[in-house]
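See below for the structure under consideration.
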Amino acid sequence: RRLCELLVSAGHEVSVLASSDAFKLKQLEAKVADQAPGLKVYRLRTSWPWMNAVLTHQTGLPVFYRAEIERVLEEVRPDVIHYHNISLLGGPGLLSLGQGVKICTLHDHWAVCPTHALFKFNRTPCRQKQCLLCTLKAGRLPQIWRYGSLLQKSLRQVDLILSPSEFTLERHKSDGLDFTGRVLPHFVPDTFRHSKPAPKEGDYLLYVGRLEHLKGIGWLAETLADRSDIKLVIAGDGALRPQLARMSESSPSIKLLPWNSEEQLIELYSNALATVVPSLCYETFGLSLAESMSCGTPVIAHDVGVLGETVRASGGGLLYQDQSGFHQAVDLLKEDHRTRESLGEKAKNYAREHWTEGRYLDEYLDIVESLFASHCPG
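Oh and the sequence shown: position 140 is 122 in this note's numbering, straight run, nothing missing.
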């Protein structure tokens, strides 16, 4: 959504192909308006959404959607096709449709993991793959297409794979995929570059994101439930919300909020002692980390994958590996205002250099221009 809005604001025409069936199956609301100046959304629907999802899941092909996708591509004739989250829209088979410059962004680990998360047995980051057993333990059907060459053949139809982090790019390559790729970090809207208020008594720790086990929010809430000297504010939704609601009722240290507007999120970030990113899994980027740092608020992050990579590169937060290390990080930021302010300043400076709308748009358009040149060298 943010990329669509950014491109439209820069004067480009954007057409979006989205699966309404997938939104219904996941009980989500579409977040992109059907029509806006410079933007048109094509919502794909079938009379058999479950059958369509199962067939696409198993074959890796846009079984029921193919004809409509081809019709839209013929109508729009896009200069650039940019793929995002295609697992239920058509799987790897979607990559072969259409003409023009083709780019695909790695938003999750779908290409190398049947559960999309590289979270082995729903317990630990996946360092040694046992995909079939892990898939069955997750209650999912093994995907037939993953045992053939469809994905690798389809990737050859794509000019460039964009990864939001070096860690994610290298992980996909180390898992055996052969493709042309480069790192292009996501951007954070410029509205998040908000001056941080002076420290206040009673500052809180903030968690923003999905309320799921693999995100570490259950661990975080349990770890802080008995601390009376610091509050945890949670903004998000997900499967653990009922459990967290019960915890918030019994513990004055925990406050549970619904998903917030962008303006409310900026206020929450800006007034927090720190934002905690406790993910147990490998993130591809760490959006809440980037949003917090853009507001000048340091992060306390689990030292796993890209989270450790970003905190070390920026100097904009603290890392922990266990519960003891987490409490030490919290105590340091509570007791040492100079350290907190220094980390916050480093965080904001790093965000200004790496995650602004202008930086992303300039680099993105440079990439597109170079790909056009390679398509038409004359």
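Beta carbons: idealized from backbone N, C-alpha and C, even for Gly. Computed from a prediction, not measured in an experiment: that's the story for all the values here.
- As computed with DSSP, cysteine 86 is found in a beta bridge with Tyr65 and Ile143.
- The C-beta of leucine 115 has fewer than 16 other C-beta atoms within 10 Å across all chains shown, which makes the residue exposed.
- With contacts defined as CB atoms closer than 8 angstroms, histidine 284 and glycine 191 fail to qualify as a contacting pair.
- Of the candidates Gln139, Leu159, Val288 and Ile51, Leu159 places its Cα closest to the Cα of cysteine 95.
- With 16 or more other CB atoms across the displayed protein chains lying within 10 angstroms of its CB, tyrosine 342 is buried.
- For the pair leucine 250 and phenylalanine 308, the Cα-to-Cα distance works out to about 21 angstroms.
- Residue state for arginine 164 is assigned as strand, using DSSP reduced to three classes.
- Contact check for leucine 214 and leucine 206: beta-carbon distance about 5 angstroms, within the 8 angstroms limit, so the pair qualifies.
- With a 10 Å radius around the Cβ and a threshold of 16 neighbouring Cβ atoms, glycine 220 comes out exposed.
- DSSP places isoleucine 199 outside any beta strand (DSSP E); the residue lies instead in the alpha helix (DSSP H), whose first and last residues are 199 to 206.
- For serine 276 against valine 170, the beta-carbon gap comes to about 4 angstroms, under 8 angstroms, which counts as contact.
- In terms of CA proximity to arginine 153, Ala99 leads the group Ala311, Arg209 and Ala99.
- Per the Cβ contact rule, the region 222 to 235 is not in contact with the region 291 to 308 (fewer than 3 Cβ pairs under 8 angstroms).
- Annotated as proximal: valine 288 and glutamate 265, with beta-carbon spacing under 8 angstroms.
- Three or more beta-carbon pairs drawn from the region 37 to 45 and the region 74 to 87 are found closer than 8 angstroms, and the two stretches are therefore classed as touching.
- From the listed residues Arg53, Cys108 and Tyr346, the smallest Cα separation to glycine 80 is found for Arg53.
- Between the region 141 to 151 and the region 122 to 130 there are fewer than three inter-stretch CB-CB distances shorter than 8 angstroms, so the stretches are not counted as touching.
- Apart from the 5 residues on each side of it in sequence, leucine 262 sits with its Cβ closer than 6 angstroms to the Cβ of Leu196 and Gly198 in its chain, given in chain order.
- Rounded to whole angstroms, the gap between the alpha carbons of leucine -12 and asparagine 242 is 21 angstroms.
- Within its own chain, the residues whose Cβ lies closer than 8 angstroms to the Cβ of isoleucine 349, once the five positions on either side in sequence are excluded, are Ile85, Leu142, Leu144, Arg164 and Leu166, listed in chain order.
- For histidine 168 against phenylalanine 267, the beta-carbon gap comes to about 5 angstroms, under 8 angstroms, which counts as contact.
- By the criterion of a C-beta distance shorter than 7 angstroms, tyrosine 332 is surrounded in its chain by Met275, Ser296 and Gly298, once the five residues flanking it on both sides are discounted.
- For leucine 315, no beta strand (DSSP E) run applies; the uninterrupted alpha helix (DSSP H) run containing it begins and ends at 305 to 317, by DSSP.
- Across the set Leu(-1), Gly82 and Gln134, the C-alpha of Leu(-1) shows the shortest separation from the C-alpha of alanine 49.
- DSSP places histidine 154 in the helix class (H, G or I) of the three-state scheme.
- Nearest to valine 286 by C-alpha distance, out of Pro280, Thr279 and Leu300, is Leu300.
- By a beta-carbon distance limit of 8 angstroms, lysine 330 does not contact leucine 255. Their separation comes to about 16 angstroms.
- Isoleucine 68 sits away from phenylalanine 174, with the two beta carbons spaced by 8 angstroms or more.
- By the Cβ-count criterion, leucine 133 is buried, with 16 or more other Cβ atoms from all chains shown falling within 10 Å of its own Cβ.
- According to DSSP, tyrosine 24 shares a beta bridge with Leu(-1).
- Aspartate 318 counts as exposed, since fewer than 16 other beta carbons sit within 10 angstroms of its beta carbon.
- Boundaries of the beta strand (DSSP E) harbouring threonine 257: 256 to 259, taken from the DSSP string.
- In this structure, the alpha-carbon of alanine 93 lies about 31 angstroms from that of serine -9.
- With at least 16 other beta carbons inside 10 angstroms of its own, tyrosine 346 counts as buried.
- If you draw a straight line from the Cα of glutamate 327 to the Cα of arginine 334, it is about 11 angstroms long.
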